[in-house]
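Okay, so here's the structure we're looking at.
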Amino acid sequence: MIKAVFLDIDNTLLDFDLCVAKAMQDGFAKHKIEFREEMFGTFKSVNDALWRRIEEGALTREELMRVRWKLIFEKLGIDLDGPKFEEYFRAQLHESAIPVDGAKEMLSYLSTKYRLFAASNGPFEQQRHRLEKAGMLGFFDELFVSSAVGFSKPMPEFFDRCFALAGVSPKESAIIGDSLTADIMGGKTAGMKTIWFNKNGETETGGTEPDFTVASLYEIKNIL
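If you're matching positions, the sequence shown starts at 4 in the working numbering and goes up one per residue.
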């Protein structure tokens, strides 16, 4: 019987992609650089590759912050200081709190039936601040964020630590998230029920099969 639901934050509860696109547009405008839509695709390919290395334990968050925008600017042929732009980008991200459609309604529904925990890779204070700004913080019993937990999703140690702190077993837990690696593979390996938020209509799972798949957060009430 499910007693606790763990929820990813970025691109599950808060629209990380929209926040990034806005930060890029504003930052480029300050440097009088034209922002084109395909530039976001470059960010996403570089950022996703770096986060995969973090999930594999081959890179730290600090190393990501040092190289992320340097690599992006190299691919875009832009002559800007990558680490300096990273500082601006992280400041913008800290204040970004654009909810994913249906996120607050889902949290309101789930909070009447289960204990809720955030399960996120990222800086703790940033994620806490963003949830508070979005009016979502009060739904959670606790926030499990990699910088505070000491491990990143999908590492087994991340989930083991979460279960110990939450006082629940894997069989009593479900996870909702958009990442097939961090959330779904990590959750399945830990023994949880997994719900993949496939908001982009992806057709390939890379062999990682979630227990359930939803295209909208409004569908969660049909599962939990």
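We put the beta carbon where it would ideally sit given N, CA and C, even for glycine.
Inset, instruction - Evaluate Lys156 with the Cβ neighbour count: other Cβ atoms within 10 Å of its Cβ, from every protein chain shown; 16 or more gives buried, anything less gives exposed. - result: Residue mapping note: residue 156 aligns to position 153 of the sequence shown, counting from 1. Lys156 is buried by the Cβ-count criterion.
Inset, instruction - Give the C-beta separation of Phe147 and Ala121 to the nearest angstrom, bearing in mind that I take them to be a contact with Cβ-Cβ under 8 Å. - result: As a working note, residue 147 is residue 144 in the sequence shown. As a working note, residue 121 is residue 118 in the sequence shown. With 8 Å as the limit, Phe147 and Ala121 qualify as a contact, their Cβ atoms being about 6 Å apart.
Inset, instruction - State buried or exposed for Thr63, treating a residue as buried only when at least 16 other CB atoms are found within 10 Å of its CB. - result: Here the question's residue 63 lines up with position 60 in the sequence shown. Flag for Thr63 reads exposed.
Legend entry - Span separating the alpha-carbon of Thr206 from that of Thr216: Position 203 of the sequence shown holds residue 206. Position 213 of the sequence shown holds residue 216. Approximately 11 Å, taken between the alpha carbons.
Legend entry - Beta carbon of Trp72 nearer than 8 Å to that of Gly85: The residue labelled residue 72 in the question sits at position 69 within the sequence shown. The residue labelled residue 85 in the question sits at position 82 within the sequence shown. Yes. Within cutoff.
Inset, instruction - Look at the Cβ atom of Ala7, then the Cβ atom of Val171, and state whether they are nearer than 8 Å. - result: The sequence position of residue 7 within the sequence shown is 4, counting from 1. The sequence position of residue 171 within the sequence shown is 168, counting from 1. Cβ distance < 8 Å, so Ala7 and Val171 count as in contact.
Legend entry - Where the alpha helix (DSSP H) containing Ser150 begins and where it ends: The residue given as residue 150 occupies position 147 in the sequence shown. In the DSSP assignment, Ser150 falls within the unbroken alpha helix (DSSP H) covering Ser149 to Val152.
Inset, instruction - Determine the DSSP secondary structure at Glu37, reduced to helix, strand or coil. - result: Counting from one through the sequence shown, the residue named residue 37 turns up at place 34. If DSSP states are grouped into helix, strand and coil, Glu37 belongs with coil.
Inset, instruction - Please determine if the segment 51–66 and the segment 95–102 are in contact, where contact requires at least 3 C-beta pairs separated by less than 8 Å. - result: Fewer than three pairs of CB atoms, one per stretch, sit closer than 8 Å, so the segment 51–66 makes no contact with the segment 95–102.
Inset, instruction - Could you say which of Cys22, Ala137 and Gly180 lies nearest to Asn2 if we only look at CA atoms? - result: Residue 2 is absent from the model: the chain starts at 4 and stops at 227.
Legend entry - Assigned secondary structure, Thr192 (DSSP; H/G/I helix, E/B strand, else coil): As a first step, residue 192 is located in the sequence shown; it is residue number 189 there, counting from the start. DSSP, read as helix, strand or coil, puts Thr192 in helix.
Inset, instruction - With a floor of 4 residues, list each alpha helix (DSSP H) that falls wholly inside the segment 169–225, ordered by position along the chain. - result: Secondary structure remark: continuous alpha helix (DSSP H) runs of at least 4 residues inside the segment 169–225, in chain order: 189–193.
Inset, instruction - Measure the Cβ-Cβ separation of Met109 and Ile223 and say whether it is below 8 Å. - result: Taking the sequence shown and counting its residues from 1, one reaches residue 109 at position 106. Taking the sequence shown and counting its residues from 1, one reaches residue 223 at position 220. Yes, the Cβ-Cβ distance between Met109 and Ile223 is below 8 Å.
Inset, instruction - Just the C-alpha distance for Thr45 and Ile57, rounded to the nearest angstrom, thanks. - result: Here the question's residue 45 lines up with position 42 in the sequence shown. Here the question's residue 57 lines up with position 54 in the sequence shown. Taking the straight line from one Cα to the other gives about 19 Å.
Legend entry - Helix, strand or coil at Leu53 [DSSP, three-state]: Reading the sequence shown from its first residue, position 50 is the one you call residue 53. The three-state reading of DSSP puts Leu53 in helix, counting H, G and I together.
Legend entry - Beta-carbon spacing of Glu138, Leu220 below 8 Å: Translated into the one-based positions of the sequence shown, residue 138 becomes position 135. Translated into the one-based positions of the sequence shown, residue 220 becomes position 217. The sequence given here places Gly at residue 138; Glu does not occur at that position. No, these two residues do not count as a Cβ contact at 8 Å.
Legend entry - Coil, strand or helix - Pro102 by DSSP: Translated into the one-based positions of the sequence shown, residue 102 becomes position 99. Assignment of Pro102 by DSSP, reduced to helix, strand and coil, places it in the strand class.
Legend entry - Gln129 versus Leu17: straight-line alpha-carbon distance, rounded: Here residue 129 refers to the residue found at position 126 of the sequence shown. Here residue 17 refers to the residue found at position 14 of the sequence shown. Each residue's alpha carbon lies about 12 Å from the other.
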